[in-house]
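Undergrad: Here's a structure for you.
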Amino acid sequence: MKRLTKFLLVFFLAALLSGCKTLDTFKQEKDRDGIKETTLIDTSKVVEEGEKSIERKVKEGPKPIILKKSKEIKRKTLTTENVKNYVSIPDNYKNLKQDISINFQGIDFSYAMSLMAELGQINIIVGEEVSGTVTAKLDNVPWDVTFQT
Numbered sequence: 012m013k014r015l016t017k018f019l020l021v022f023f024l025a026a027l028l029s030g031c032k033t034l035d036t037f038k039q040e041k042d043r044d045g046i047k048e049t050t051l052i053d054t055s056k057v058v059e060e061g062e063k064s065i066e067r068k069v070k071e072g073p074k075p076i077i078l079k080k081s082k083e084i085k086r087k088t089l090t091t092e093n094v095k096n097y098v099s100i101p102d103n104y105k106n107l108k109q110d111i112s113i114n115f116q117g118i119d120f121s122y123a124m125s126l127m128a129e130l131g132q133i134n135i136i137v138g139e140e141v142s143g144t145v146t147a148k149l150d151n152v153p154w155d156v157t158f159q160t
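In our numbering, the protein residues as written are 12 to 160.
So this is what it looks like as structure tokens:
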């Protein structure tokens, strides 16, 4: 029985000691702040391999085309349109070249515009959604100023 106990004790000690570190593993450890650490990844090798792979990809990758002459972007005018000036009154409308005097007091906006259209013999379009009243007193004012105020 003693033999069996000694055999089992030696077997367990051998199993326990086989899991311990050997002298070769102590050579790979670095001592940082009193704590021994083993490095599984060598950072200098990773950096070197990364730089090599980047250089290889740059060599194999697409190359930019270098132009000898820089091309100027030219703009061509396809069509031109004469813009009408709606602020000043053209010479065709002689009724609108005179000064007018108007006194509106609380009348409907669409009715006021229809009166001004009749006086100037022009077309004035007022939408149905436009509403409100107009109170205005104008003495000797040109037509273009009348429509701006």
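Cβ atoms here follow ideal geometry from the backbone N, Cα and C, with glycine treated the same way.
When you compare only the Cα positions, how much space is there between Ser81 and Lys63?
TA: Numbered from its first residue, the sequence shown carries residue 81 at position 70. Numbered from its first residue, the sequence shown carries residue 63 at position 52. The alpha-carbon atoms of Ser81 and Lys63 are separated by roughly 35 Å.
Undergrad: Taking only three categories from DSSP, how would you classify Leu51?
TA: Taking the first residue of the sequence shown as 1, we reach residue 51 at position 40. Leu51: coil per DSSP, three-state reduction.
Undergrad: What three-state label does DSSP hand Gln116 in the structure shown?
TA: For the purposes of this step, residue 116 is identified with residue 105 of the sequence shown, where counting begins at 1. Here Gln116 sits in strand by DSSP.
Undergrad: When DSSP labels each residue in this structure, what does Asp155 get in the three-state scheme?
TA: Locating residue 155 in the sequence shown gives position 144, where the first residue counts as 1. Reduced to three states, the DSSP call for Asp155 is helix.
Undergrad: Using the rule of at least 16 other Cβ atoms within 10 Å of the residue's Cβ for burial, across every protein chain shown, is Ala123 buried or exposed?
TA: Indexing the sequence shown from 1 puts residue 123 at position 112. Ala123 is buried by the Cβ-count criterion.
Undergrad: Kindly indicate the opening and closing residues of the alpha helix (DSSP H) around Leu107.
TA: Counted from its first residue, the sequence shown places residue 107 at position 96. Per DSSP, Leu107 belongs to no alpha helix (DSSP H) and is neither H nor E.
Undergrad: Can you name the residues that DSSP bridges to Lys148?
TA: Locating residue 148 in the sequence shown gives position 137, counting from the first residue. Partner(s): Asn114.
Undergrad: Could you check where the alpha helix (DSSP H) with Leu27 kicks off and where it finishes?
TA: Start at 1 with the first residue of the sequence shown, and residue 27 comes out as number 16. Run containing Leu27: Lys13 to Ser29, per the alpha helix (DSSP H) assignment.
Undergrad: Evaluate the contact criterion for the region 70-87 versus the region 115-134: three or more CB pairs, one atom per stretch, below 8 Å.
TA: No, because fewer than three Cβ pairs between the region 70-87 and the region 115-134 fall closer than 8 Å, the two stretches do not touch.
Undergrad: Which of the three DSSP states is assigned to Leu89 in this structure?
TA: Against the sequence shown, residue 89 aligns to sequence position 78. The answer is coil: DSSP assigns Leu89 none of H, G, I, E or B.
Undergrad: Take the Cβ of Leu19 as the centre, count every other Cβ of all protein chains shown within 10 Å, and call the residue buried at 16 or more, exposed below.
TA: As a first step, residue 19 must be located in the sequence shown, where it is residue number 8. By the 10 Å Cβ count, Leu19 comes out exposed.
Undergrad: Cutting at 7 Å between CB atoms, please list the residues of its own chain near Lys9, excluding the five before and the five after it.
TA: With the chain covering only 12 through 160, there is no way to say anything about residue 9.
Undergrad: Looking only at C-alpha atoms, which of Val141, Asn151 and Phe158 sits nearest to Met127?
TA: Residue 127 sits at position 116 when you count from the first residue of the sequence shown. Considering only alpha carbons, the answer is Phe158.
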